[in-house]
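The block underneath contains the structure these notes are about, expressed in structure tokens.
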Amino acid sequence: MSTPTDRPSICVSLPDGRELALPEGATAADLAAKIGPGLARAALAATVDGEVRDLARPLPDGAEVRLLTERDPEALGVLRHSAAHVLATAVRELVPTAGIGFGPAIDDGFYYDFDVPEPFTPEQVAAIEERMAAVIEADHPFERQVVSRQEACDLFSDDPLKLERLGEIGDDEEITVYRDGPFLDLCRGPHVPSTGRLGHYRLLSAAGAYWRGDERRRMLQRIYGTAFFRAKDLRAHLHRLEEAKKRDHRVLGKRLDLFSVQEEVGAGLVLWHPHGGRVRRIVEDFLRESLVAHGYELVYTPHLASEELYRISGHLDVFAEDMFPAMESGGDRFRMKPMNCPHHFMIYRSQVRSYRDLPLRFAELGTCYRYERSGTLHGMLRVRSFTQDDAHIFIREDQIAEEYQRLLDLGDHLLGVFGYEYRVALSTRPEKAIGDAAVYDAASDRLAGVLRERGLDYELDEGGGAFYGPKVDILVTDALGREWQGGTFQLDFLMPERFGLEYVGRDNRRHQVVVVHRTLLGSMERFIGGLIEHYGGAFPLWLAPVQVRVLPVSEQWEGSAAELVAQLSAVGLRVELDQRDTLGYRIRAAETMKVPYMAIVGEREAEAGTVAVRARGARRKQVAMERGEFVSRLADEVERRVL
RNA sequence: GCUCUGGUAGCUCAGUGGUAGAGCGCUUCCUUGGUAAGGAAGAGGUCGCGGGUUCGAUCCCCGCCCAGAGCUCCA
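Okay, so the first sequence: first residue is 192 according to this note's numbering, each after it adds one.
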């Protein structure tokens, strides 16, 4: 389409379907200006036919253009990537010899990797952050320039990291550099129009990171930061980080006396203290009860096995590094078990199974041992000895869909009780898959069908499945909005073959079973570590290690208080009598230990046969209650597992 | 495993080349207290472990162990 003017023009379309004519060479910024001065000020970047671009780039004729302001989620990534450049600008000004790695935007902010002789000190990071303010103040425009390979090589001749990256850019790709004031970077962009658009940012930490994420290569120094459009959002983010620190299960685990990890015992080996043990036992009891109700058989298997077992499973070849070394005894070699699967397979194999027996569901709270690398250990969340809520389900191929329905029912029930939101992901056949691709894909399709049927808006991870079968993952979101692995249901077509797991069909022939490996909570360690953070240590009544503290106002009322303790214990409540020091002191102690209820007994209560009930966090808003009513209310709250 | 930082009383931490301190907690005594710390006294330490330097090391140096942040890894 051409217009009868002497200036050639282009036409672009907007998200609302409107079309606008612009002079040839007009940029997205020009477009914004044409639409209105407000948008011209607010625009940060644009999507052009779906690709995010700088505002300053000329628009192609016929493009679909969407102008991005701080309201668009894509804009935040652009802002953060630009913040990374500002960070690098500041670093270069303070340390001119610093080599420049990569500086991407990430989920919660951005980072930049620098090649410097010494790690950054906290003082340096503070100085860099201050320097960034000057770069922003200067309001340098981000200038994009397309250069030839030779020009780029010349520009970055003293920066080997950039030259290496340059070498990887194909001849068919455009090489672009971006400049903001003194800083020039090899970068694909896009960026906000100028450094002045950065407002609310914070540098968070500095630590080593391998160049290209490869542990065989040199270590660079990475600085992490975050940036937002609004001060409020930055504040909220920093607050969330603070909150996460306060909820750290390692800190709470110590303060609430739940667990410890001690040098003399060994790294990654968790000791469950009595109160942690109570929480675990309650979770386990609830889990076992749910499993039995869902048709599982509970099995038990030893903590170690002959190495031969792992030779059959094939794990010895692939995962020997991650297993504890062998123990020799009487000429046999034994290993601490790194997983329960082979043991359960041996139980399955111990007799001839009929198609009528299937599905067969073996569940075990199975303790496993894996020699995780020292740097990966983390409180209860990454350990070397852990108890999986493991199960192996043996089914016929035609039972896949129904079994996954049951699994999702069970998962939904369990996670709901703990107050977790979750989402689901399906991982399908990777390149390296073994066996019949058609069988794999048919199974994936069936799983997808199940998820659709349940109305689940699942995420598809194409090619993310294991080489032996597709899987469905449950990803839970905790109270702070963080995501955890919340269960995985893994189909396996390989192990049945390796172990010869068969059933006799209606046709009186042997057929291979299909195995589902599944865990719902993961491991007791990881799950309860996660629960501690989810609840911030304030467990709901049904899980709380101590549910009630009875506090006599003075020694005089101890007898009456003891009667109440007996009444509460009689219905199975976990109750303590606290008779130390002053009442104020004991209230403070109960709050600190996050005990759900305080039951106070003084003259008034002793005489009236009542109790003054103060709930955790309720300050002075306490209520007087008949004792019987108090007991039955708590019993009911436990029974219904109120959150 | 790698880089950096750290390890002092049960906990949180201060401190020093001449064998060590606080607060909380614990024990005992006084107080019998009505809603987030009443008062006093006392006990409690191989200053992570092993070497080295030094007249002398908790402190300086080396190795190891453990922890933290990040990287890498996670059947």
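The C-beta atom is built at its ideal place from N, Cα and C for all residues, glycine as well.
- Within a 10 Å sphere around the beta-carbon of S504 sit 16 or more other beta-carbons, which makes this residue buried.
- By the neighbour-count criterion, in which a residue is buried when 16 or more other Cβ atoms sit within 10 angstroms of its Cβ, E594 is buried.
- Between A803 and R740 a beta carbon distance of about 13 Å is seen, past the 8 Å cut, so the two are scored as non-contacting.
- The continuous alpha helix (DSSP H) containing H534 extends over residues C532 to R540.
- The beta carbon of A296 sits closer than 6 Å to the beta carbons of G268, R271 and H272 from its chain, once the five residues preceding and following it are set aside; these are given in chain order.
- Secondary structure at K353: helix, using DSSP grouped into helix, strand and coil.
- Taking C-beta atoms as the reference points, R765 and P736 count as a pair closer than 8 Å.
- The C-beta of P199 has fewer than 16 other C-beta atoms within 10 Å across all chains shown, which makes the residue exposed.
- DSSP places M715 in the uninterrupted alpha helix (DSSP H) bounded by M715 to Y726.
- Distance from the Cα of M514 is smallest, within the candidate group S520, G521 and F525, for F525.
- Under the DSSP assignment, G294 falls outside any alpha helix (DSSP H); it carries neither an H nor an E label.
- In this structure, the beta-carbon distance from L285 to R322 falls below 8 Å.
- Closest by C-alpha distance to F658, out of S618, A274 and A633, is S618.
- Apart from sequence neighbours up to five positions away, the residues of its chain that approach F585 with a beta-carbon distance below 7 Å are Y539, L549, P550, L551, L692, V704 and V706, ordered along the chain.
- According to the DSSP assignment, R469 belongs to the alpha helix (DSSP H) that extends over P465 to A484.
- The way I'd put it, the segment 383 to 393 does touch the segment 309 to 328; three or more beta-carbon pairs between them come closer than 8 Å.
- Counting C-beta pairs with one atom in each stretch, the segment 287 to 305 and the segment 350 to 357 have three or more that are closer than 8 Å, which means they touch.
- Cβ neighbours of V239 within its own chain (closer than 6 Å, five residues either side excluded): A254 and V256.
- E434 is classed as exposed because its beta carbon has fewer than 16 other beta carbons within 10 Å across all chains shown.
- If you draw a 10 Å sphere on the C-beta of S396, you find fewer than 16 other C-beta atoms in it, and that means exposed.
- Between M715 and E475, the C-beta spacing is below 8 Å.
- Here W733 is near V829, since their CB atoms are less than 8 Å apart.
- With respect to the C-alpha of C202, the residue from P249, L394 and R469 having the closest C-alpha is P249.
- Beta-bridge analysis with DSSP links P313 to no other residue.
- Annotated as proximal: H494 and M527, with beta-carbon spacing under 8 Å.
- Per the coordinates, the alpha-carbon of H583 lies some 15 Å from the alpha-carbon of R479.
- Look at the beta carbons and you see the segment 397 to 413 not touching the segment 422 to 437: under three pairs across the two are nearer than 8 Å.
- Under the 10 Å beta carbon count, M571 is surrounded by 16 or more other beta carbons and is classified as buried.
- According to the DSSP secondary-structure assignment, S200 is paired through a beta bridge with P214.
- Counting other Cβ atoms within 10 Å of its Cβ, G640 stays below 16 and is therefore classed as exposed.
- Cβ neighbours of I473 within its own chain (closer than 6 Å, five residues either side excluded): L734.
- Per DSSP, reduced to three states, the secondary structure at Y491 is coil, with no helix or strand assignment.
- With contacts defined by Cβ atoms closer than 8 Å, G677 and L685 do not form a contacting pair.
- Note on E555: 16 or more other CB atoms within 10 angstroms of its CB, so buried under the neighbour-count rule.
- Measuring C-alpha to C-alpha distances from Q596 to each of L647, A633 and W463 identifies L647 as the nearest.
- Between S520 and A458, the alpha-carbon positions lie close to 25 Å from each other.
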